[in-house]
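Here the working numbering = 1-based position in the sequence shown + 650.
The beta-carbon is built from N, C-alpha and C at its ideal position, and this holds for glycine as well.
None of these values were measured; they are calculated from a predicted model.
One structure is given below, encoded as structure tokens.
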Amino acid sequence: MKILVTGVAGFIGFHVVHRLLEQAVTIVGVDNLNSYYDVKLKEARLAKLASHKYGFKHEFVKLDISDQAAMDSLFAKHKFDRVIHLAAQAGVRYSIENPQVYVQSNIVGFLNILEGCRQHAVQHLVYASSSSVYGLNSELPFSEHKSVNHPLSFYGATKRSNEIMAHSYSSLYNLPTTGLRFFTVYGPWGRPDMALFKFTKAILADEAIDVFNYGHHLRDFTFIDDIVTGIIKISEQPATSNPQFDTGKPDPATSSAPWRLYNIGNNNPVQLTTYIELIESYLGRKAKLNLLPLQAGDVPDTYADVTALEQAVGYKPTTTVVDGVKAFLDWYMEYNACAE
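Printed below as a string of structure tokens:
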């Protein structure tokens, strides 16, 4: 079994490969190591993978998924059995300022992934979507079986585009594809542009933190270990067609083609202010809050209905936000102490 994992130097990709190294598989990881955030953190993740006792089972290739020739060569050389596609330009707010970057990575790059899978008979493509696709939907919890045609951010629009592009390839070429809509993933080795990382850094520096929507956000914070378990389990179960699919009343999460969509979240949303209080409690410091209105592109609340993923692979998130925040902060203090 040979598996391609894209975005291997990223937060989720790193954790997925670290877990896969314990299995009887060979892994090729790709990443372009761009400078969207600190490249040293990405390099540290790669070094951690290389130091794993089974690190020899992982080959790292530096390339950009939007480079068609490089991707064609990669697929032709390795003949992957499965693909776990996690590389993307992330960030809701950054997508408003730099939409072209998102087209190259999230649209062109995803097309290259689809073409590689089609041309080389990949058994299953699992790819990262996002809770951002829910946009103007306000019915909670968010369900994959509801329409998602009103994204609020360009990032969300590119992720919705990925779902639609995948459906066309599943339909045209019988390529099994599964999209996973991630809900606010956090944990050790996380991204510096995410709330937990930013808040922790600011509180330790005695700087104010920007808290949008005046702190009234509800977020379905999902610990990285739970996310990884779900990704790997669903990757082992190629998408199939829905035999009860009704073209008169089409289900947005399934198809007559081998195509599926699942939410992957904690199913237990937390008020943003509660999240901040947990950081304060651990650090023994009070945060200085700069309360601001809802920002353009932001969804006020997120809450994942994970019933479908539970039925499909027994997915059950087990990490509480209290334990998850502590795990991140333990890592953060150790990582930064080592970096000094």
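List the endpoints of the continuous alpha helix (DSSP H) containing residue i.
{"i": "L959", "result": "957 to 963"}
{"i": "S745", "result": "742 to 747"}
{"i": "S999", "result": "With the chain covering 651 to 990 only, the question about residue 999 has no answer from this structure."}
{"i": "N799", "result": "No alpha helix (DSSP H) holds N799; DSSP gives it neither H nor E."}
{"i": "K966", "result": "Segment: none, K966 is in no alpha helix (DSSP H) and carries neither H nor E."}
{"i": "R669", "result": "661 to 670"}
{"i": "G766", "result": "759 to 769"}
{"i": "T850", "result": "845 to 854"}
Taking 8 Å as the cut-off, is the beta-carbon of residue i closer than that to any non-hydrogen atom of the ligand COA?
{"i": "A946", "result": "No copy of the ligand COA appears in this structure; indeed no ligand is present at all."}
Assign residue i to one of two classes, buried (16 or more other C-beta atoms within 10 Å of its C-beta) or exposed (fewer than that).
{"i": "T968", "result": "exposed"}
{"i": "T850", "result": "buried"}
{"i": "K809", "result": "buried"}
{"i": "L959", "result": "buried"}
{"i": "L942", "result": "exposed"}
{"i": "Y686", "result": "buried"}
{"i": "N940", "result": "exposed"}
{"i": "F895", "result": "exposed"}
{"i": "P950", "result": "exposed"}
{"i": "D980", "result": "exposed"}
{"i": "N986", "result": "exposed"}
Based on the DSSP secondary-structure assignment, which residues constitute the bridge partners of residue i?
{"i": "E709", "result": "V678"}
{"i": "L868", "result": "Q921, D951"}
{"i": "H735", "result": "T656, Y777"}
{"i": "Y912", "result": "L830"}
{"i": "L939", "result": "I859"}
{"i": "Y836", "result": "F873"}
Under 9 Å between the Cβ atoms of residue i and residue j?
{"i": "L928", "j": "L854", "result": "no"}
{"i": "V733", "j": "L696", "result": "no"}
{"i": "A995", "j": "T827", "result": "Limits of the chain in this structure are 651 at one end and 990 at the other, which puts residue 995 out of reach."}
{"i": "G947", "j": "V742", "result": "yes"}
{"i": "D722", "j": "E693", "result": "no"}
{"i": "P736", "j": "E813", "result": "In the sequence as displayed, the identity of residue 736 is Leu instead of Pro. Cβ atoms of L736 and E813: not closer than 9 Å."}
{"i": "H708", "j": "L654", "result": "no"}
{"i": "G974", "j": "Y836", "result": "yes"}
{"i": "G663", "j": "D681", "result": "yes"}
{"i": "I884", "j": "H665", "result": "no"}
{"i": "Q887", "j": "V963", "result": "yes"}
Between which two residues does the beta strand (DSSP E) holding residue i run?
{"i": "V861", "result": "858 to 861"}
{"i": "G829", "result": "827 to 832"}
{"i": "Y784", "result": "Where Y784 is concerned, there is no enclosing beta strand (DSSP E), given that its DSSP letter is neither H nor E."}
{"i": "N727", "result": "The question names Asn, but residue 727 in the sequence shown is Lys. Note, K727: premise wrong, no beta strand (DSSP E); alpha helix (DSSP H) at 718 to 728."}
Using beta carbons (cut-off 9 Å, strictly below), is residue i in contact with chain D?
{"i": "H774", "result": "Given the protein chain composition of this structure (a single chain), no chain D is represented."}
>> Three or more C-beta pairs under 8 Å: does that hold for the region 904 to 911 against the region 919 to 928?
In response: no
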